[in-house]
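There are 2 protein chains.
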Amino acid sequence: MNEPLAAPSLPPYFAVIFTSIRTAVDPAGYEAMAARMLDLAARQPGYLGVESVRGDDGLGITVSYWRDLDSIEQWRHNAEHLTAQQLGRAKWYRQYQLRICRVERDHALDCACSE
Amino acid sequence: MNEPLAAPSLPPYFAVIFTSIRTAVDPAGYEAMAARMLDLAARQPGYLGVESVRGDDGLGITVSYWRDLDSIEQWRHNAEHLTAQQLGRAKWYRQYQLRICRVERDHALDCACSE
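As given, the protein sequences belong to chains L and A, one line each in that order.
So that you can map any letter, position 93 of the first sequence is 104 in my numbering, and since no number is skipped, the others follow by simple counting.
So that you can map any letter, position 15 of the second sequence is 26 in my numbering, and since no number is skipped, the others follow by simple counting.
Put into structure tokens, the structure is as follows:
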């Protein structure tokens with residue numbers, strides 16, 4: 012199980028912000044594929060971590076972190092990932108935005124509270 | 012009401028990725044402040060949009076988009092926002108990551124489906 016908050020190396024590194032709204036089509040197939048993609052991404056060269064949430068209203072945000080743009084390009088063209096992208100466009104996503112970003116600065120809080 | 016997916020202007024623009032895990036403290040106070048901050052942010056110079064989700068497990072991702080780094084700095088130092096940040100660190104967040112990014116490329120799908 013991943014930690015929910017990713018803690019990559021020092022900036023600069025890169026982020027892919029994927030924001031999406033699901034259709035109501037094939038939720039089980041979608042869940043299985045989403046889990047598979049998280050697992051597969053984590054084994055790619057240059058992968059630094061991921062943070063992913065989906066709300067009850069169907070809006071989801073997944074941010075994955077990468078060492079460089081080349082790692083992102085390679086993952087984008089991974090054969091199994093290409094199939095997932097195609098299915099996503101064909102049936103799972105009503106709408107999405109994909110943004111490729113360079114992380115310039117980061118800052119963390121960890122309250123180390125027991126609660 | 013905002014659109015759930017932000018559709019800012021052409022890159023480059025800037026994104027603030029705020030990923031957080033809530034404590035169980037004061038959920039009503041938190042909700043009210045979070046709504047107030049979304050509303051206030053939207054009226055700042057350079058604001059381009061926001062996307063925000065919180066999952067049932069308490070993990071949340073909010074990505075706000077800005078024209079430039081200067082707009083982000085100004086928002087960061089807004090007096091009411093400073094108070095919210097302080098309360099956030101003191102009681103509402105167990106853990107967070109804040110990342111400031113330059114969006115290099117973006118890509119959208121809108122299936123225009125009726126479903």
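C-beta atoms are modelled at their ideal positions from N, C-alpha and C, and glycine is treated no differently.
Predicted, not measured: the structure shown is a model, and the values here were computed from it.
About 15 Å separates the beta carbon of arginine 78 of chain A from that of cysteine 112 of chain L, a gap too long to meet the 8 Å contact definition. Taking the Cα of leucine 21 of chain L as reference, the smallest distance to any Cα among A:Ile72, A:Arg110, A:Leu120 is reached at A:Arg110. Inclusion of arginine 54 of chain A and tyrosine 41 of chain A in the CB contact set at 8 Å is not warranted, their separation being larger than that value.
Chain L has a Cβ within less than 8 Å of the Cβ of histidine 118 of chain A.
Taking C-beta atoms as the reference points, valine 64 of chain A and alanine 17 of chain A fail to come closer than 8 Å. Residue environment: threonine 73 of chain L is assigned as buried (16 or more neighbouring CB atoms within 10 Å of its CB, all protein chains considered). Just so you know, the alpha carbons of aspartate 68 of chain L and tyrosine 104 of chain L end up roughly 13 Å apart. Within the same chain, Phe25, Gln55, Pro56, Gly57, Tyr58 come within 8 Å of serine 82 of chain L by CB-CB distance, once the 5 residues on both sides are set aside. With its beta carbon at least 8 Å from every one in chain A, threonine 94 of chain L lies outside the interface. Within the stretch 97-111 of chain A, Arg100, Tyr104, Arg105, Gln106, Tyr107, Gln108, Leu109, Arg110, Ile111 place their CB atoms closer than 7 Å to a CB of chain L, listed in sequence order. When the beta-carbon positions are compared, threonine 30 of chain L and glutamine 97 of chain L stay at least 8 Å from each other. Ranking L:Ile28, L:Glu14, L:His88 by CA distance to the CA of histidine 118 of chain A puts L:Ile28 first. Taking C-beta atoms as the reference points, leucine 120 of chain L and arginine 47 of chain A fail to come closer than 8 Å.
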